[in-house]
Amino acid sequence: MIDRQISDRLEMLYQLMANKQFLVLTGAGISTPSGIPDYRDNEGVRRGKAPMMYQEFLSAPAARRRYWARAMLGWPRIRQARPNAAHDALATLQTKQLIAGLITQNVDTLHDQAGSHEVIELHGSLHRVVCLDCDQRADRQAIQLVMEAENPYLSGVDATQAPDGDTLLDPAFEARFKIPRCPSCSGERLKPDVVFFGENVAQATAAKAARCVEQAEGLLVVGSSLMAYSAFRLCRAMAEQHKPLIAINFGKTRADDFLDLKIEASCEQLLPVLVERLRD
Ligand SMILES: [Zn+2]
199 MIDRQISDRL EMLYQLMANK QFLVLTGAGI STPSGIPDYR DNEGVRRGKA PMMYQEFLSA
259 PAARRRYWAR AMLGWPRIRQ ARPNAAHDAL ATLQTKQLIA GLITQNVDTL HDQAGSHEVI
319 ELHGSLHRVV CLDCDQRADR QAIQLVMEAE NPYLSGVDAT QAPDGDTLLD PAFEARFKIP
379 RCPSCSGERL KPDVVFFGEN VAQATAAKAA RCVEQAEGLL VVGSSLMAYS AFRLCRAMAE
439 QHKPLIAINF GKTRADDFLD LKIEASCEQL LPVLVERLRD
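Below, the structure is given as structure tokens:
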């Protein structure tokens, strides 16, 4: 249920967004109702084990073996995830030309699945794999089938799901894992086509996102604590351009000081209501 305080804020949200082309920036919070775990609690503090850093992934075959063994077990959950009412609402807003565009920090492609188009994937997509040697991209599911065929000992192994398609797997299972090879060059340095912790957002993607901020009349943040600098920077730019900045997020965000409006409510409940109001 949407309580009184939230409904007042919803009214403010509607007033701020009506007749303006807002850009929308989404984070992990929009995908948790779809069963994809996020990294941070309401205070913006990272929970669980630290994710693998980019430098570590690059430096050692053992790190890549660990990554892929865990990712093989995490992938089915990512692949099966389906968009929820919040993704659907944003797709509707875009179809009705009520928003300027969509930027996501998520790597789950749920916006695409909901029917959004030209989504800027700030941190890439788990549905693709890139070869660090020949730069060719491949479909993640094709690589999954190869990994499963070459590592039958892992079938049926139970591992706790972690963010970004990772799992918490007993290290004893990692040593004999055969890491997948590039279908193009047979190299052993395949990487999911996502931005790792410690890695920069691709320059072209960052530039495109900055242009969208420049052109939009405001920014609506949905389900993000904005702890990643690549996302925070977009909010700061929007504030510097004196355009309204709104967040729908449970808990603290890194941009709290700049926000014109913050609503701590479920985006899955709130966004469908916003769609109804904005299209009236
Ligand atoms: Zn290759």
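In this note's numbering, the protein residues as written are 199 to 478.
C-beta: ideal position from N, C-alpha, C; glycine also.
Close-in-space but distant-in-sequence residues of the same chain around residue i (CB under 6 angstroms, 5 per side omitted)
{"i": "residue 290", "result": "473"}
{"i": "residue 479", "result": "This structure gives no information on residue 479, because the portion of the chain shown stretches from 199 to 478."}
{"i": "residue 344", "result": "378"}
{"i": "residue 388", "result": "327, 329, 378 and 380"}
{"i": "residue 465", "result": "228, 284, 420, 421 and 446"}
{"i": "residue 397", "result": "252"}
Three-state secondary structure (DSSP) of residue i
{"i": "residue 454", "result": "helix"}
{"i": "residue 377", "result": "coil"}
{"i": "residue 272", "result": "helix"}
{"i": "residue 345", "result": "helix"}
{"i": "residue 204", "result": "helix"}
{"i": "residue 397", "result": "coil"}
{"i": "residue 255", "result": "helix"}
{"i": "residue 406", "result": "helix"}
{"i": "residue 298", "result": "strand"}
{"i": "residue 359", "result": "strand"}
{"i": "residue 372", "result": "coil"}
{"i": "residue 433", "result": "helix"}
{"i": "residue 319", "result": "strand"}
{"i": "residue 383", "result": "coil"}
{"i": "residue 365", "result": "strand"}
{"i": "residue 228", "result": "helix"}
{"i": "residue 326", "result": "strand"}
{"i": "residue 442", "result": "coil"}
Within 8 angstroms, strictly: CB atoms of residue i and residue j
{"i": "residue 408", "j": "residue 435", "result": "yes"}
{"i": "residue 212", "j": "residue 468", "result": "no"}
{"i": "residue 414", "j": "residue 219", "result": "yes"}
{"i": "residue 279", "j": "residue 232", "result": "yes"}
{"i": "residue 392", "j": "residue 399", "result": "no"}
{"i": "residue 297", "j": "residue 363", "result": "no"}
{"i": "residue 424", "j": "residue 451", "result": "yes"}
{"i": "residue 471", "j": "residue 223", "result": "no"}
{"i": "residue 307", "j": "residue 321", "result": "no"}
{"i": "residue 225", "j": "residue 303", "result": "yes"}
Same chain only: Cβ atoms within 7 angstroms of residue i, ignoring 5 sequence neighbours per side
{"i": "residue 406", "result": "318"}
{"i": "residue 372", "result": "263, 264 and 267"}
{"i": "residue 314", "result": "288, 289, 292 and 300"}
{"i": "residue 342", "result": "270 and 273"}
{"i": "residue 355", "result": "271 and 371"}
{"i": "residue 358", "result": "365 and 366"}
Residues of its chain near residue i, where Cβ-Cβ distance is below 8 angstroms and the 5 sequence neighbours each way are ignored
{"i": "residue 437", "result": "443, 453 and 456"}
{"i": "residue 458", "result": "214, 442, 443 and 444"}
{"i": "residue 385", "result": "329, 330, 331, 332 and 379"}
{"i": "residue 210", "result": "459"}
Proximity test, Cβ basis, 8 angstroms: residue i and chain D
{"i": "residue 420", "result": "Among the chains in the structure shown there is no chain D, since it carries only a single protein chain."}
- Relative to ligand 1, what is the chain-ordered list of residues with a Cβ closer than 6 angstroms to any of its non-hydrogen atoms? 329, 331, 332, 334, 380, 382, 383 and 385
- Taking contact to mean at least 3 C-beta pairs separated by less than 8 angstroms, is the stretch 440-453 in contact with the stretch 412-425? yes
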